[in-house]
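Residue numbers (my numbering): 621 to 924.
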Amino acid sequence: MEKPPIQPYIILFIGVLSISTSAIFVKLAGDAPAAMIAFYRLAIAVGIMAPYVLWKHFDEIKQTNKKDWILAILSGVFLAFHFILWFESLDYTTVASSVVLVALQPVFAFIGTYLFFKERFTIGAILSLVITLTGSVIIGWGDFQISGTALFGDLLALLGAVTVTGYFLLGQNLRKRQSIMTYTFIAYGMAAVTLLIYNLALGYSFTGYDGDQWLIFLGLAIIPTFFGHTLFNWTLKWLSTSTISMAVLVEPIGASILAYWILGEGITWTQWLGGSIVLFGLMMFILSTMQKAKPKFTHETDHR
Numbered sequence: 621m622e623k624p625p626i627q628p629y630i631i632l633f634i635g636v637l638s639i640s641t642s643a644i645f646v647k648l649a650g651d652a653p654a655a656m657i658a659f660y661r662l663a664i665a666v667g668i669m670a671p672y673v674l675w676k677h678f679d680e681i682k683q684t685n686k687k688d689w690i691l692a693i694l695s696g697v698f699l700a701f702h703f704i705l706w707f708e709s710l711d712y713t714t715v716a717s718s719v720v721l722v723a724l725q726p727v728f729a730f731i732g733t734y735l736f737f738k739e740r741f742t743i744g745a746i747l748s749l750v751i752t753l754t755g756s757v758i759i760g761w762g763d764f765q766i767s768g769t770a771l772f773g774d775l776l777a778l779l780g781a782v783t784v785t786g787y788f789l790l791g792q793n794l795r796k797r798q799s800i801m802t803y804t805f806i807a808y809g810m811a812a813v814t815l816l817i818y819n820l821a822l823g824y825s826f827t828g829y830d831g832d833q834w835l836i837f838l839g840l841a842i843i844p845t846f847f848g849h850t851l852f853n854w855t856l857k858w859l860s861t862s863t864i865s866m867a868v869l870v871e872p873i874g875a876s877i878l879a880y881w882i883l884g885e886g887i888t889w890t891q892w893l894g895g896s897i898v899l900f901g902l903m904m905f906i907l908s909t910m911q912k913a914k915p916k917f918t919h920e921t922d923h924r
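Below is the structure:
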């Protein structure tokens, strides 16, 4: 195999650190609406990608057929609502709870493959599903003791995990025929258009944000998107998807540490306990399924 120009594990570490910043950026955006934060994250990302993609992949985009455009539009809609729900959850609950619950996406993805593609469950997968469910219930119970709004935020985060699963399930077929750059460019573009319409419908202002907020929008577009998403896809040439999936499980830990240092957010004992159980269950889940089926989704959780 070709020798990598840089040690892949160093790049993987940078990618994990980068995606860990996403929730922090959203929290720091202050009073900016969640849907507007999501819009500018994707719109700026698409704008940065556009020159390269249109130069290198324009013919591929032109050859996209009607069915694939429909898949791309639908996947973009799901991605848009994932960001709306997840970013909105951060207004109600802590970074620790929100990020751990969104990390359940691989579980929802496996359930989706069972329902739509008849993927079979292994005993290990079923056990790990029970474990992750137990951990998420502990987190929800603990947050409910704090306030009803915290539990509402947890539910929004779970819905965010469900909608991003829809994004990956719809894009699965499309990715078989398109390069990662073309697929990402179209999906992000469709999500940005969806968010544009959503923000216009709700009457949110596209202007009036201060300099720090504009820097946050730019930071979201560059750090978790490109230094997370792009670097993970680069490492796929040298590292297995299961290795990357395991690394992504570090994100909730990294995000919680950053939230403590930057935002002053503490972690309750139920978040420690429930989060540890969820991450253990997810680790078991990945280990039990990586030999069973081709990994289709988990390496793309770095959209955060």
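Built from N, CA and C at the ideal position, the CB exists for glycine as well. In this text, all values refer to a predicted model and were calculated from it rather than measured experimentally.
For residue i, name the three-state secondary structure that DSSP assigns.
i, result
"Pro653", "coil"
"Asn685", "coil"
"Gln798", "coil"
"Ile690", "helix"
"Ala812", "helix"
"Lys916", "The predicted position of Lys916 is uncertain, since its pLDDT is 43 and thus under 50; a value taken from the coordinates is nonetheless stated next. Here Lys916 sits in coil by DSSP."
"Pro628", "helix"
"Ser876", "helix"
"Gly755", "helix"
"Thr714", "coil"
"Lys623", "coil"
"Leu790", "helix"
"Thr855", "helix"
Judging by CA-CA distance, which residue of the options is the nearest neighbour of residue i?
i, options, result
"Gly886", "Phe707, Ala716, Ile668, Lys686", "Ala716"
"Pro872", "Ala777, Asp679, Ile751", "Ala777"
"Leu696", "Gly755, Asp651, Thr783", "Checking the sequence shown, residue 696 turns out to be Gly, not Leu. Comparing Cα positions, the closest option is Thr783."
"Ile626", "Met904, Trp858, Gly874", "Trp858"
"Met669", "Pro726, Thr802, Ala875", "Thr802"
In angstroms, rounded to a whole number, what distance separates the CA positions of residue i and residue j?
i, j, result
"Glu920", "Leu851", "Low confidence applies here, because Glu920 scores a pLDDT of 48, under 50, leaving its location unreliable; read the following figure in that light. Going by the C-alpha atoms only, they are around 11 Å apart."
"Leu789", "Ile639", "21 Å"
"Lys687", "Gln765", "47 Å"
"Gly895", "Met866", "15 Å"
"His849", "Ala665", "11 Å"
"Gly744", "Asp711", "35 Å"
"Tyr734", "Ala655", "31 Å"
"Phe707", "Ala652", "11 Å"
"Gly786", "Thr888", "31 Å"
With a cut-off of 8 Å on the beta carbons, I'd call residue i and residue j a contact; round off their distance for me.
i, j, result
"Ala879", "Ile644", "6 Å"
"Leu869", "Leu893", "Actually they do not touch by this definition, with Cβ atoms about 17 Å apart."
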